[in-house]
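In this note's numbering, the protein residues as written are 406 to 795.
Cβ coordinates follow ideal geometry from the N, Cα and C atoms, glycine included.
In structure tokens form, the structure reads like this:
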């Protein structure tokens, strides 16, 4: 096509727009970029009017890539919807409502995905048939109508997926809020994209400016900010230890700072320790690596205690976690030593990184007895040493 070059710069600039997963962040700064979507839609319509675009034409290749990206975003949204559906089912939210929240959200998700699929078809095969199919679907349910319906759902607590999910999450994790916030943003982003695309393709025949949908988006932006302020989200990470209850000296010892741990000993034939790290989810991977180096050094050296060791008679086994922390660790909040034969199980909760909010090691004992004192005796050849970041 002779005049494809005049649209080339527009298309190159629009490729960053199609990658946008959310338009709710600083929407007023991104609104002007969506005007480019109108130009792309106009280009596609012109191509269909003037004839088939040859496959070897560079513009055809670019439009197909653009169409593939649209499908990718649509599939990501559908996958996110399935994950959200699983969350609702897992927490048994459905039974508290006469109408399933899953079905109500699906009334938005399904037609939006269909419009995205047909819009992609107009880009990959710009002809009268693909445009006709897209226009037919758009005539049955418009992005403006879907945005209005979604906004109505969000304003009702009994149909608001984000509020229901946060209420069902006993730990009030920020990750839960973020997950559903992303779902809402992604759906609305697609609706705005489709709205600008149809406006450019059909010359505003939908009877309103695309900016009216942006007003709905700004309203949702305000609602999300308000909901976030309503909840005191927990961003701490947790470590849980469970092991045998044993009265023998030297089976376990725990040390922690401030109020970072709670313990339940000698109850129900087991001991339970729960540790909280307030910073693990917020530090860098380099800082996590540095913290792990300390216990790796301890693991290599072992719990080496001899008569010429650095411990006086006033020390006992319960002092060992603190001594380990001071020698091998920085920024520590918790250290536990548990005999390897005590069937220790440890888990984590609300974690973003790694398997434990700190570091752990199976450390060998080099000398079992210290000065012959019972209180200084090791009862096994190895100990689990678990250290938690503050």
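Of 618, 685, 759, 765, the smallest CA-CA separation from residue 750 is found for 765.
In the DSSP assignment, residue 742 forms a beta bridge with 658, 790. The shortest CA-to-CA distance from residue 677 to any of 625, 741, 634, 588 is the one to 741. If you draw a 10 Å sphere on the C-beta of residue 627, you find fewer than 16 other C-beta atoms in it, and that means exposed. For residue 723 against residue 658, the beta-carbon gap comes to about 5 Å, under 8 Å, which counts as contact. Between residue 486 and residue 588 the beta-carbon gap is near 7 Å, inside 8 Å, which marks them as a contact.
Rounded to whole angstroms, the Cβ separation of residue 482 and residue 446 is 21 Å, and the two are not in contact under 8 Å. The three-state reading of DSSP puts residue 761 in coil, since its state is none of H, G, I, E or B. Under the three-state reduction of DSSP output, residue 752 falls in the strand class.
Beta-bridge partners of residue 766 (DSSP): 790. At least 8 Å separates the beta-carbon of residue 680 from that of residue 727.
A distance below 8 Å between beta-carbons, with the five flanking residues on each side excluded, links residue 755 to the following residues of its chain, in chain order: 576, 578, 580, 639, 640, 641, 642, 643, 686.
For residue 682, the CB contacts under 8 Å within the same chain, skipping 5 residues up- and downstream, are 641, 642, 643, 644, 665, 738, 739, 762, 763, 793, 794, 795 in chain order.
Scanning its chain for C-beta atoms nearer than 7 Å, with the 5 sequence neighbours on each side dropped, one finds around residue 729 the residues 703, 740, 790, in chain order.
Going by DSSP, residue 678 is part of the beta strand (DSSP E) stretching over 675-682. In this structure, DSSP gives residue 642 an extended state, which the three-state scheme calls strand. In this structure, DSSP gives residue 608 a state outside helix and strand, which the three-state scheme calls coil. Leaving aside the five residues that flank residue 554 on each side, the residues in its chain whose CB is nearer than 8 Å to its CB run, in chain order, 512, 513. The count of Cβ pairs closer than 8 Å, one atom from the stretch 448-457 and one from the stretch 530-542, reaches three, so the stretches are in contact.
Within the same chain, and ignoring the five residues on either side of residue 602 in sequence, the residues whose Cβ sits closer than 8 Å to its Cβ are 442, 443, 445, 446, 524. Among the bridge pairs identified by DSSP, residue 647 is matched with 677, 750. For residue 479, the three-state secondary structure derived from DSSP is helix. As the crow flies, the alpha-carbon of residue 549 is around 21 Å from that of residue 480. DSSP, read as helix, strand or coil, puts residue 636 in coil.
For residue 667, there is no enclosing alpha helix (DSSP H); the enclosing beta strand (DSSP E) has its first and last residue at 666-672. When rounded, the separation of the alpha-carbon atoms in residue 786 and residue 574 is 42 Å. In terms of Cα proximity to residue 453, the closest of 537, 522, 694 is 537. Take residue 596, set aside five residues on each side of it, and the residues of its chain with a beta-carbon closer than 7 Å to its own are 517, 548, 551, 552, 618, in chain order. Following the DSSP letters along the chain, one finds residue 546 in no alpha helix (DSSP H), marked with neither H nor E. From the listed residues 705, 572, 546, the smallest Cα separation to residue 600 is found for 546.
Per DSSP, the continuous alpha helix (DSSP H) segment holding residue 705 begins and ends at 690-706.
Residue 760 and residue 700 have their C-alpha atoms spaced approximately 15 Å apart.
Beta-bridge annotation (DSSP): residue 586 is not paired with any residue. Our two residues, residue 684 and residue 467, have alpha carbons roughly 45 Å apart in a direct line.
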